[in-house]
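Taking our numbering, the leading residue of the sequence shown gets 3, the next gets one more, and so forth.
Note that CB positions come from ideal geometry on N, CA and C, so glycine has one too.
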Amino acid sequence: MIFGSSHGGAGNELDVSLERLSVIIHLARKHEADLLAVDASDSRDDADGGASQPEQDPSERDLRAAIAALPADEQAVLVALVWIGRGDFAPQEFDEALTRSFDRKGSSIPDYLLGLPALADTLVKGTTACGADFNAYESGRHGRSGETLH
C-alpha cells in the first residue's frame, strides 16, 4: 500500500505493519522520555554531591526486545526508514536504503537503533516520507488494524 520492495531479486515483498511500527515508536518515545528523566535526576544528584548508580532501564530493555523480536527483514526496514527520516536517502531511494541496511556491518540493529538520537521522531519522519500518515493511523488505529507498509 505504501511502498514496495524486493531484496536481492528474490521477489519477496517486504511488509511492516503500521501496528508494529507504532509499538516500536511508542517504546522509543518512552525510552527517550526515561533518558531525559535520568539526565535530570543525575543533574540533581551531582548538585547534591551524591552519585547514583546506573540501573537497568526497563524501557530500553523493552525497546531492544521489541526490535530484536522482529524478523531480520523488518529490522532492515526500520533502518531504511530511519535513514530516510534523517535525510540520508530520499523516499524514492527506499530500495537502495533497504539494500544498504541488509549489507551494513557493525553493531546489531537493536544496538544501532538504540544509539540514535530521536529514534521515534526519525522513524515517524521516514514512515511519513514513504507515504504513510502515521498520525492519522494513530488517531484511528482502534478501528483499523493490519495496515502495512509495503
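Shortest Cα-Cα distance from ALA122 to any of ALA30, ALA74 and LYS107 involves ALA30. ILE69 is positioned such that its CB atom lies no closer than 8 Å to that of CYS132.
Leaving aside the five residues that flank ALA74 on each side, none in its chain has a CB nearer than 7 Å to its CB. Using a 10 angstroms sphere on the CB of SER141, the tally of other CB atoms stays under 16, which defines it as exposed. Within the same chain, and ignoring the five residues on either side of SER24 in sequence, the residues whose Cβ sits closer than 8 Å to its Cβ are PHE136, TYR139, GLU140 and ARG143. DSSP, reduced to helix, strand and coil, places SER109 outside both helices and strands of the structure shown, so it counts as coil.
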